[in-house]
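See structure below.
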Amino acid sequence: MVPSGQPGEGRRDRDLEERSELIQVWLALAEEKLEVARELLELSRFDDVVSKAYYVMFYSAKAALLAVDVDLHRHAGVVSQFGQHFVKRGYADKRYSRILARAMQAREASDYDPQTRASRQDAEQAISDAEAFLEKAREILGKMLSEDT
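Quick note, the numbering used here runs 1357 ahead of the 1-based positions in the sequence shown.
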C-alpha cells in the first residue's frame, strides 16, 4: 500500500479493484460457457462441447492470472503462465496444467480438424475437467486475493 499523500496514492488499490471487476467478468463468462457446454451435451454436439469446455478453463485461467496482474490474450501464453504462477508456486497440482493444455489441443482439433470427432465420452470428460478447473481457479483466487489484503 502506498502511504497517503505520496505519488501514486491509491493506484494499487484502484488497480486491484479494476482487476477484481475483470476477474468477475471472466468467471461469469466461464460459468456461461459451462452452462452452454452442458446444453450442447444434451444435443449430442460433442465437438462443440469440447470447445466450450476449453473456454471455461481458458477464462478461468485468465481470471486467476489477473490476481497476479498477468493479462494475456494468446492461448499458449495463458496455458504456460498458469503453470508458472500456480503450479510451480504450489497453488495447483500439475494435473491442472495438463488438463488445460490437453483441453487446448482438443479444442483446436474439434474446431479445425474435420477428421477429428469428439465422442460422448470425450465431451463428458471435457465437462468434468472444466468443472474441476473452474473450481480450482476459484480456490486459487480465494487464496491469492486474501493474501493481497
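Glycine included, C-beta positions come from ideal geometry on N, C-alpha and C.
Closer than 8 Å: residue i CB and nearest the ligand NAD heavy atom
i: Gln1472; result: The ligand NAD is not among the ligands present in this structure, which contains no ligands whatsoever.
Residue i to residue j span [Cα, whole Å]
i: Met1501; j: Gly1447; result: 12 Å
i: Ala1475; j: Phe1403; result: 5 Å
i: Ser1417; j: Arg1477; result: 24 Å
i: Val1425; j: Asp1372; result: 11 Å
i: Ala1387; j: Val1427; result: 18 Å
i: Asp1486; j: Gln1438; result: 19 Å
i: Phe1443; j: Ser1377; result: 18 Å
i: Glu1396; j: Ala1480; result: 11 Å
i: Ala1466; j: Thr1473; result: 6 Å
i: Arg1431; j: Glu1504; result: 27 Å
i: Leu1422; j: Ile1456; result: 17 Å
i: Lys1445; j: Glu1389; result: 29 Å
i: Ala1449; j: Ser1401; result: 32 Å
Own chain partners of residue i with C-beta closer than 6 Å, once the 5 adjacent residues on each side are dropped
i: Ala1394; result: Val1406, Lys1409, Ala1410 and Ile1484
i: Glu1399; result: none
Nearest to residue i (by Cα), restricted to the options the options
i: Gln1482; options: Glu1375, Gly1434, Asp1450 and Ala1463; result: Ala1463
i: Tyr1453; options: Ala1466, Pro1471 and Glu1488; result: Glu1488
i: Ala1460; options: Ile1380, Val1435, Ser1503 and His1442; result: Val1435
i: Arg1495; options: Ser1467, Leu1384 and Phe1439; result: Leu1384
i: Lys1493; options: Arg1431, Val1413, Glu1389 and Leu1398; result: Val1413
i: Gly1440; options: Gln1381, Glu1399 and Ile1497; result: Ile1497
The alpha helix (DSSP H) enclosing residue i, as first and last residue numbers
i: Leu1422; result: Phe1403 to Leu1423
i: Ala1433; result: His1432 to Phe1439
i: Leu1457; result: Lys1451 to Tyr1469
8 Å Cβ shell around residue i - same chain, five flanking residues per side excluded
i: Ala1458; result: Val1436
i: Lys1419; result: Trp1383, Asp1428, Leu1429 and Val1435
Sequence-distant residues of the same chain with beta carbon closer than 7 Å to residue i, five excluded per side
i: Leu1491; result: Ala1387, Leu1391, Val1413 and Ser1417
i: Ile1571; result: This structure gives no information on residue 1571, because the portion of the chain shown stretches from 1358 to 1506.
i: Phe1415; result: His1432 and Val1435
i: Lys1451; result: Val1444
i: Asp1468; result: Ser1408
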